[in-house]
């Protein structure tokens, strides 16, 4: 079963527009087979929605306390959230999130029963200097530090490969290069854990995915689905992507 995750980022600008978008998507994908659709709206809209799987765009690494402006995994769990995007490049850049902070968030999510979607990816400078695999290995190793596979815990972790240079730029990663990076990620997981886990781990691709190129990514061997950004704000385009994943 493919997994299609919609990251709405800081959109839409009103609860009414958010509800209209959610309902349009829900009505368009509700009968699609063999696809799990996850909607990740801004925190404030989460209580408004039901009928599709919900995810959050970020989280804090404590269950409660004096952390002004933050949202805990326990709060998300109470809102029926199942997935949490962690370590998105925009959070790394604009919120100064480090691999250490990201690691704390991953562990806290697992502790309360949420599924973390760990985002990794290289910048254009790292890509051009031939450091792609090195960067991914560091992000995965440090992001999952101290996370064991006891009781199958790692089966609840998803990795999303989002090359920074492809996010919101219109310059998507080629299918061939994406296939190469998916294989590299599985090798890293094999080295850190075991091949059996690596073979079954869910890996997503994100970065300028739209209804025109989604098919080429969904055909990639070993790719479990997609993390969609701006195109998830267009209900009809997003519905097309979901439909193509269900074929």
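Residue numbers (this note's numbering): 4 to 250. We treat Cβ as the ideally placed atom computed from N, Cα and C, and that holds for glycine. For clarity, every value in this text was computed on a predicted model and none was experimentally measured.
Handout entry: Delimiting residues of the alpha helix (DSSP H) encompassing residue 110
Key = For the purposes of this step, residue 110 is identified with residue 107 of the chain shown, where counting begins at 1. Segment 102-115, the alpha helix (DSSP H) holding residue 110.
Practice task
Out of 122, 75, 151, 241, point me to the one whose CA is closest to residue 138's CA.
Solution key: Translated into positions along the chain shown, residue 138 becomes position 135. Of the candidates 122, 75, 151, 241, the one whose C-alpha sits nearest the C-alpha of residue 138 is 122.
Problem - Closest residue to residue 187 among 151, 201, 114 (Cα-Cα distance) - result: On the chain shown, position 184 is the one that residue 187 refers to. Residue 187 has its Cα closest to that of 201, out of 151, 201, 114.
Practice task
To the nearest angstrom, report how far apart residue 117 and residue 76 are at their CA atoms.
Solution key: Within the chain shown, the letter at position 114 stands for residue 117. Within the chain shown, the letter at position 73 stands for residue 76. Taking the CA atoms as reference points, residue 117 sits about 7 angstroms from residue 76.
Problem - Euclidean distance between Cα positions of residue 109 and residue 17 - result: Walking along the chain shown from the start, residue 109 turns up at place 106. Walking along the chain shown from the start, residue 17 turns up at place 14. So the alpha carbons of these two residues sit roughly 30 angstroms apart.
Exercise for the section: Look up residue 196 in the DSSP assignment and say whether it is helix, strand or coil. Expected result: Position 193 of the chain shown, counted from the first residue, corresponds to residue 196. DSSP places residue 196 outside both helix and strand once states are collapsed to three, so it counts as coil.
Practice task
Could you check the C-alpha separation between residue 133 and residue 126 for me, to the nearest Å?
Solution key: Indexing the chain shown from 1 puts residue 133 at position 130. Indexing the chain shown from 1 puts residue 126 at position 123. Each residue's alpha carbon lies about 11 angstroms from the other.
Problem - the region 225-234 in contact with the region 17-33 per 3-pair CB rule at 8 angstroms - result: no
Practice task
Please classify residue 4: is it buried, with 16 or more other beta-carbons within 10 angstroms of its beta-carbon, or exposed?
Solution key: Reading the chain shown from its first residue, position 1 is the one you call residue 4. Residue 4 comes out exposed.
Exercise for the section: Would you check if there are 3 or more beta carbon pairs closer than 8 angstroms linking the region 49-66 to the region 77-93? Expected result: yes
Exercise for the section: If I'm right that residue 14 touches residue 43 with Cβ under 8 angstroms, what's the distance once you round it to whole angstroms? Expected result: Residue 14 sits at position 11 when you count from the first residue of the chain shown. Residue 43 sits at position 40 when you count from the first residue of the chain shown. Wrong, their Cβ atoms sit about 11 angstroms apart, outside the cutoff.
Exercise for the section: Could you say which of 171, 180, 216, 36 lies nearest to residue 233 if we only look at CA atoms? Expected result: In the chain shown, the residue the question calls residue 233 occupies position 230. The candidate whose alpha carbon is nearest that of residue 233 is 171.
Exercise for the section: Compute the distance between the beta-carbons of residue 145 and residue 106, then report whether it is under 8 angstroms. Expected result: As a first step, residue 145 must be located in the chain shown, where it is residue number 142. As a first step, residue 106 must be located in the chain shown, where it is residue number 103. Yes, they are a contact pair.
Practice task
With a threshold of 7 angstroms, establish whether the CB of residue 161 neighbours any heavy atom of the ligand NAD.
Solution key: Judged by which ligands are present, the structure shown has none, so any question about the ligand NAD falls away.
Practice task
Report the three-state DSSP secondary structure of residue 80 (helix, strand or coil).
Solution key: Here residue 80 refers to the residue found at position 77 of the chain shown. Judged by DSSP in its simplified three-state form, residue 80 adopts helix.
Practice task
Kindly indicate the opening and closing residues of the alpha helix (DSSP H) around residue 21.
Solution key: Within the chain shown, residue 21 is the residue found at index 18, counting from 1. Element bounds for residue 21: 18-32.
Handout entry: C-alpha gap between residue 1 and residue 69, whole angstroms
Key = Any question about residue 1 goes unanswered here, given that the chain covers just 4 to 250.
Practice task
Identify, in the order they occur along the chain, each residue of the same chain with its Cβ nearer than 6 angstroms to the Cβ of residue 204, setting aside the five sequence neighbours on each side.
Solution key: Working through the chain shown from its first residue, we reach residue 204 at position 201. So the list reads 192, once near-sequence residues are dropped.
Practice task
Count the other CB atoms, across all protein chains shown, that sit within 10 Å of the CB of residue 174; report buried if there are 16 or more and exposed otherwise.
Solution key: Here residue 174 is taken as the residue at index 171 of the chain shown, counted from 1. Exposed, since its Cβ has fewer than 16 Cβ neighbours within 10 Å.
Handout entry: residue 39 (DSSP reduced to helix, strand or coil)
Key = Here residue 39 refers to the residue found at position 36 when the chain shown is read from its first residue. Strand.
Problem - residue 196 versus residue 19: straight-line alpha-carbon distance, rounded - result: Position 193 of the chain shown, counted from the start, is the residue given in the question as residue 196. Position 16 of the chain shown, counted from the start, is the residue given in the question as residue 19. Distance between the alpha carbons of residue 196 and residue 19: 45 angstroms.
Exercise for the section: Could you name the residues of the same chain whose beta carbon sits closer than 6 angstroms to that of residue 22, not counting the 5 residues immediately before and after it, in chain order? Expected result: What you label residue 22 is simply residue 19 of the chain shown in a count that begins at 1. Answer for residue 22: 51, listed in chain order.
Problem - Between the CA atoms of residue 53 and residue 239 - distance to the nearest angstrom - result: Indexing the chain shown from 1 puts residue 239 at position 236. Indexing the chain shown from 1 puts residue 53 at position 50. Computed Cα separation, rounded: 19 angstroms.
Exercise for the section: Determine the extent of the beta strand (DSSP E) in which residue 10 is found, giving its start and end residues. Expected result: Reading the chain shown from its first residue, position 7 is the one you call residue 10. Where residue 10 is concerned, the enclosing beta strand (DSSP E) stretches over 5-10.
Problem - Backbone CA spacing between residue 119 and residue 160 [nearest angstrom] - result: The residue labelled residue 119 in the question sits at position 116 within the chain shown. The residue labelled residue 160 in the question sits at position 157 within the chain shown. When rounded, the distance between both Cα atoms is 5 angstroms.
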